[in-house]
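Visitor: Following this message is one structure expressed as C-alpha cells.
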Amino acid sequence: MLATLGKRLVTVIPTLIGVVIVTFLLTRVLPGDPAVYFAGPAATPQSIADIRKSLGLDRPLPEQFARYVNDLAHGNLGNSLSTGRPVATEITSRLPASAELTLLGLILSLVIALPLGILAAVKQGSWIDHTCRVVATAGVSLPVFFTGLLLVYVFYFQLGWSPAPIGRLDAFATAPPQITGFYLFDSLLTGNFETFRAAFSQLILPALTLGIFSLAPITRMTRASMLAVLASDFVRTARASGLDNRTVILTYAFRNAMLPVVTTLGMVFSFLLGANVLVEKVFAWPGIGSYAVEALLQSDFAPVQGFVLTMAVLYVALNLLIDMLYGVIDPRVRLEG
Amino acid sequence: MTETTLNASAATALKPARNSIFSHAKYVIAENPVTGMAFALFALIALAALIGPYIVPHDPLASGTAASLKPPSFAHWFGTDQLGRDIFSRVVVATRLDFIIALASVALVFVAGGFAGIAAGFFGGWTDRIVGRISDTIMAFPLFVLAMGIVAALGNTVTNIVIATAIINFPLYVRVARAEANVRRDAGFVQAARLSGNGDFRILLIHILPNIMPIMMVQISLTMGYAILNAAGLSFIGLGVKPPTPEWGIMVAEGAANIISGEWWMALFPGAALMIAVFCFNLLGDGLRDLVDPQRRT
Chain A
1 MLATLGKRLV TVIPTLIGVV IVTFLLTRVL PGDPAVYFAG PAATPQSIAD
51 IRKSLGLDRP LPEQFARYVN DLAHGNLGNS LSTGRPVATE ITSRLPASAE
101 LTLLGLILSL VIALPLGILA AVKQGSWIDH TCRVVATAGV SLPVFFTGLL
151 LVYVFYFQLG WSPAPIGRLD AFATAPPQIT GFYLFDSLLT GNFETFRAAF
201 SQLILPALTL GIFSLAPITR MTRASMLAVL ASDFVRTARA SGLDNRTVIL
251 TYAFRNAMLP VVTTLGMVFS FLLGANVLVE KVFAWPGIGS YAVEALLQSD
301 FAPVQGFVLT MAVLYVALNL LIDMLYGVID PRVRLEG
Chain B
338 MTETTLNASA ATALKPARNS IFSHAKYVIA ENPVTGMAFA LFALIALAAL
388 IGPYIVPHDP LASGTAASLK PPSFAHWFGT DQLGRDIFSR VVVATRLDFI
438 IALASVALVF VAGGFAGIAA GFFGGWTDRI VGRISDTIMA FPLFVLAMGI
488 VAALGNTVTN IVIATAIINF PLYVRVARAE ANVRRDAGFV QAARLSGNGD
538 FRILLIHILP NIMPIMMVQI SLTMGYAILN AAGLSFIGLG VKPPTPEWGI
588 MVAEGAANII SGEWWMALFP GAALMIAVFC FNLLGDGLRD LVDPQRRT
C-alpha cells in the first residue's frame with residue numbers, strides 16, 4: 001500500500017509543476033500590470049517604475065518564476081492589495097468554512113444518489129427509474145446559483161423554516177472555539193448544542209444546493225454501472241447459488257459497481273469546487289470562494305492567484321485520494337500497483 | 338446561424354447517404370419525441386436571439402420609477418425590476434448575448450481543440466505529447482475556478498469570458514478529436530490519399546476532418562449548454578457583462594437581493610430561461626448522439 005502511494009505521489013509532481021506554472025503565467029505574461037494597480041490612480045511613470053523595481057517585475061521571467069516558487073515554498077502567497085493582509089493566512093482561516101460546506105454537500109448528494117441509482121437499476125423501467133432519469137437530465141441543466149435562490153425563496157421567505165442566508169451563524173450566536181474549524185464538529189466537541197443547531201440551520205440550505213448540483217452525475221453513473229454489473233456472469237452465479245436478493249445486490253453487485261462511481265467523483269469534485277464559489281456568493285458564506293470573488297471585482301490579483309492555486313492543489317489531492325480509495329475497494333488495483 | 342452550419346457540415350460529411358440520414362433522423366425523432374421537443378425549443382431560442390430585440394413590448398433599458406418592482410401582470414408579463422424595467426423584454430433580449438457568448442466560445446474551442454486533437458491523433462509523437470500535456474494541465478484545475486482566474490488575468494470583458502470558456506472546454510474537444518483521428522490514421526482511404534501524393538495537412542483537412550465532423554457536432558451541442566452555464570456563472574459573480582446590459586446571469590444576480598424580501602420574479606424568469614436553454618442543448622446533444630452514434634444510445 002505504501003509503495004503504491006509513493007508511486008502515485010511521483011506522478012502528481014508533473015501535474016503540480018504545471019499548476020504552479022499556469023498560476024504564475026496568469027499574472028506575469030498576460031496583459032495587465034500589477035505595478036500599475038499597486039501605484040494607484042495618481043501614479044506617475046516614475047512611481048510605477050519604482051514599484052515595478054521593488055516588486056521585482058523588471059527582472060527576467062525565469063528569475064521572477066524562481067522567486068515565486070521560493071515564496072510558495074515558504075508558504076507566502078503575497079499580500080492582498082485592498083486589506084494588506086497576507087493571502088495565505090486569509091485563505092487558511094476561510095478554508096474550513098468552504099470545506100465544511102462542500103463535504104456536507106457531497107455527503108447529502110451521495111446519501112440520495114446512491115440508493116436512487118441502485119433502485120433505478122434494480123427496478124429498471126419502474127417509476128423510480130423514470131424519476132432517476134428526470135433527475136439526471138434536469139440536474140445538469142440547473143444553474144447552481146439559481147437552485148440556491150429558489151431554495152432561499154421557498155424555505156426562508158415562504159415557509160420560514162430556515163434562517164436568512166447571511167453566512168455561517170446568525171448575529172445572535174457566537175462561534176464555537178476553533179478546534180477543527182468545522183462549526184458542526186467544534187460545537188459538538190465542546191458540547192454546545194445551541195451553536196450546533198444554529199450552525200446546522202445555516203449550513204443545510206447551501207449544502208443542499210451543492211448536493212442537488214452533484215446529484216445528477218452520481219445518480220446517472222450509479223444506475224449505469226449497476227445495470228452493467230447486474231447483467232454480469234458472477235451475479236448470475238451468485239443468484240443461482242441461492243443467495244438472497246439483498247446479499248447479491250449489496251455485497252456482490254454494489255461493491256463492483258462502485259468503481260466507475262468513484263472515478264466519476266473526480267469530475268464531480270471539479271464541478272463542486274467551482275459551484276462552491278457561486279453558492280458562497282448566494283448565501284454570503286465566508287469561505288475562500290467569496291474571498292476570491294471580492295478580490296476579483298477589485299482587480300486585487302494576489303488573492304485570486306492564491307485561490308486558484310489552493311483550489312488546484314486541493315483538487316489534485318482529492319484525485320489522489322480517489323485513486324487510493326480505488327485500491328481500497330478493488331484489491332486487484334492494489335496488487336498491480 | 339447554427340442551423341446552416343449544422344446542415345452544411347452534415348451535408349459535406351454525409352453527402353452520399355443524404356436520403357438515408359434524413360429518414361434515419363425522422364425515425365430517431367419519432368422514436369424519441371423528447372428530441373423533437375428539443376429541436377422545437379432550439380428553434381424558439383434561435384428565433385428569440387435573431388428577432389427578439391425587434392418584437393419585445395418594452396425597451397429593455399427603459400426605466401420608470403412609477404412601475405418599479407411590480408409582480409407579473411398583463412402589462413408586464415414577467416413583472417418589473419427595481420428600476421421599473423420590463424423583465425420579459427430583458428429576458429428575451431438577453432437571449433442574443435447569451436447565445437452569442439456560448440456560440441463564439443464553442444466555435445473557438447472547436448477550431449483550436451479540434452485541430453490540436455486531430456493533429457495529436459494523426460501525428461502522434463511529440464505533437465501528441467505536447468497537446469496531451471496542455472490538456473492535462475487544464476484538467477488539473479477545477480474548471481470554473483480556472484475560468485475565473487483567466488478572466489481575472491486577461492481583464493474583465495465579455496471577450497475574455499468567451500476565451501476562458503473556450504479554454505476550459507479545450508480538453509474535451511481534444512480528447513474526442515484525438516481518438517477519432519487516431520482510429521482513422523491508417524485507414525484505407527487515408528493510405529490511398531497518401532499514395533496519390535497528398536501531403537499530411539491536406540489529408541488532415543480534406544480526408545480526416547470531414548469524417549469526424551458528425552461526432553464533433555455532437556460534442557458542440559453537448560458543450561453549448563455547459564458554455565451557457567459557465568458564462569452565466571461568471572457574469573453572476575460580476576465578471577464580464579456590465580449592467581445595465583440584459584444578460585441572464587447578471588439578471589439573476591440583480592434579482593438575488595430581492596429574493597429574501599419576496600420579489601421572486603426578478604430572479605426566477607431569467608433563471609428559468611437559462612435553465613430551459615441549457616436543458617434544450619443537453620437534450621439536443623443526446624438526440625444528435627443517438628443519430629450519429631447509435632451504439633451509445635441510452
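For the protein sequence lines, the chains are A and B, in the order given.
Quick note: the first sequence uses the working numbering, first residue 1, plus one each step.
Quick note: the second sequence uses the working numbering, first residue 338, plus one each step.
Note that beta-carbon positions come from the ideal geometry of N, C-alpha and C, so glycine has one too.
On a predicted model such as this, the values are computed, not experimentally measured, just so you know.
What is the DSSP secondary structure of Thr222 of chain A, reduced to helix, strand or coil?
Guide: DSSP places Thr222 of chain A in helix when its eight states are reduced to three.
Visitor: Does the separation of the CB atoms of Gly622 of chain B and Leu566 of chain B fall below 8 Å?
Guide: Not in contact: Gly622 of chain B and Leu566 of chain B (Cβ atoms no closer than 8 Å).
Visitor: Whose Cβ in chain A lies nearer than 8 Å to the Cβ of Thr372 of chain B?
Guide: Residues of chain A passing the Cβ test: none, with the nearest at roughly 12 Å.
Visitor: Rounding to the nearest angstrom, what Cα-Cα distance links Thr496 of chain B and Asp435 of chain B in this structure?
Guide: About 12 Å.
Visitor: Quick one, which residues of the segment 445–473 of chain B are near chain A if we go by CB-CB under 8 Å, in chain order?
Guide: Correct list: Arg470, Asp473.
Visitor: Starting from the beta carbon of Ser270 of chain A, find every residue of chain B whose beta carbon is closer than 7 Å, and list them in chain order.
Guide: Correct list: Pro479, Leu480.
Visitor: Is it the case that the Cβ atoms of Ala113 of chain A and Thr219 of chain A are separated by a distance below 8 Å?
Guide: Contact flag set, yes.
Visitor: Quick one: is Met311 of chain A near chain B, going by C-beta distance under 8 Å?
Guide: True, the Cβ-Cβ gap to chain B drops below 8 Å.
Visitor: Taking contact to mean at least 3 C-beta pairs separated by less than 8 Å, is the segment 307–326 of chain A in contact with the segment 586–599 of chain B?
Guide: No: fewer than three Cβ pairs fall under 8 Å.
Visitor: DSSP three-state label for Lys352 of chain B, please.
Guide: Bear in mind that the predicted position of Lys352 of chain B carries a pLDDT of just 47, short of 50, making it unreliable; the figure below should be weighed with that in mind. Three-state result, Lys352 of chain B: helix.
Visitor: I want to verify the contact list: residues of chain B whose CB lies under 9 Å from the CB of Lys53 of chain A, in sequence order.
Guide: Simply none; closest approach about 22 Å.
Visitor: Quick one: measure Cβ to Cβ for Thr15 of chain A and Val316 of chain A, integer angstroms, because I've assumed they're closer than 8 Å.
Guide: So it is a contact: roughly 6 Å between Cβ atoms.
Visitor: Quick check on the DSSP output: the alpha helix (DSSP H) that includes Gly624 of chain B runs from which residue to which?
Guide: Its alpha helix (DSSP H) spans residues 602–629.
Visitor: Quick one: what's Thr417 of chain B bridged to in DSSP?
Guide: Note: Thr417 of chain B sits in a beta bridge opposite B:Asp423.
Visitor: In terms of alpha-carbon separation, which member of B:Ala604, B:Leu628, B:Ala610 lies closest to Thr432 of chain B?
Guide: Nearest option by C-alpha distance: B:Ala610.
Visitor: As an exercise, report each continuous alpha helix (DSSP H) stretch of at least 4 residues that is fully enclosed by the segment 171–203 of chain A, in chain order.
Guide: Correct list: 183–189.
Visitor: Please state whether DSSP places Asn548 of chain B in a helix, a strand or coil.
Guide: In this structure, Asn548 of chain B counts as helix in the three-state DSSP scheme.
Visitor: Mapping the DSSP letters down to three states, classify Lys79 of chain A as helix, strand or coil.
Guide: Going by the sequence as given, residue 79 of chain A is Asn instead of Lys. Strand.
Visitor: For Ser109 of chain A, count neighbouring Cβ atoms within 10 angstroms of its own Cβ and tell me buried if that reaches 16, exposed if not.
Guide: With 16 or more Cβ atoms within 10 Å of its Cβ, Ser109 of chain A is classed as buried.
Visitor: Give the residues of chain B in contact with Val404 of chain A, contact being defined as C-beta atoms less than 9 Å apart.
Guide: Given a span of 1 to 337 for chain A in the structure shown, any question on residue 404 of chain A remains unanswerable.
Visitor: Could you tell me the distance, in whole angstroms, from the CA atom of Val248 of chain A to the CA atom of Ala228 of chain A?
Guide: The straight-line gap from Cα to Cα measures roughly 14 Å.
Visitor: So, helix, strand or coil for Pro86 of chain A, using DSSP?
Guide: If DSSP states are grouped into helix, strand and coil, Pro86 of chain A belongs with the strands.
Visitor: Could you say if the segment 204–224 of chain A and the segment 256–276 of chain A meet the contact criterion of at least three C-beta pairs nearer than 8 Å?
Guide: These segments touch.
Visitor: Pick from B:Ala514, B:Ser410, B:Val448: whose alpha carbon is nearest that of Phe460 of chain B?
Guide: Answer by Cα proximity: B:Ala514.
Visitor: Classify Tyr510 of chain B as buried or exposed, calling it buried when 16 or more other Cβ atoms lie within 10 Å of its own Cβ.
Guide: Looking at its Cβ environment, which holds 16 or more other Cβ atoms inside 10 Å, Tyr510 of chain B is buried.
Visitor: Using a cut-off of 7 Å between C-beta atoms, extract the partners of Ala113 of chain A located in chain B.
Guide: Going along chain B, no residue has its Cβ under 7 Å from Ala113 of chain A, so there is no contact; the nearest lies around 17 Å.
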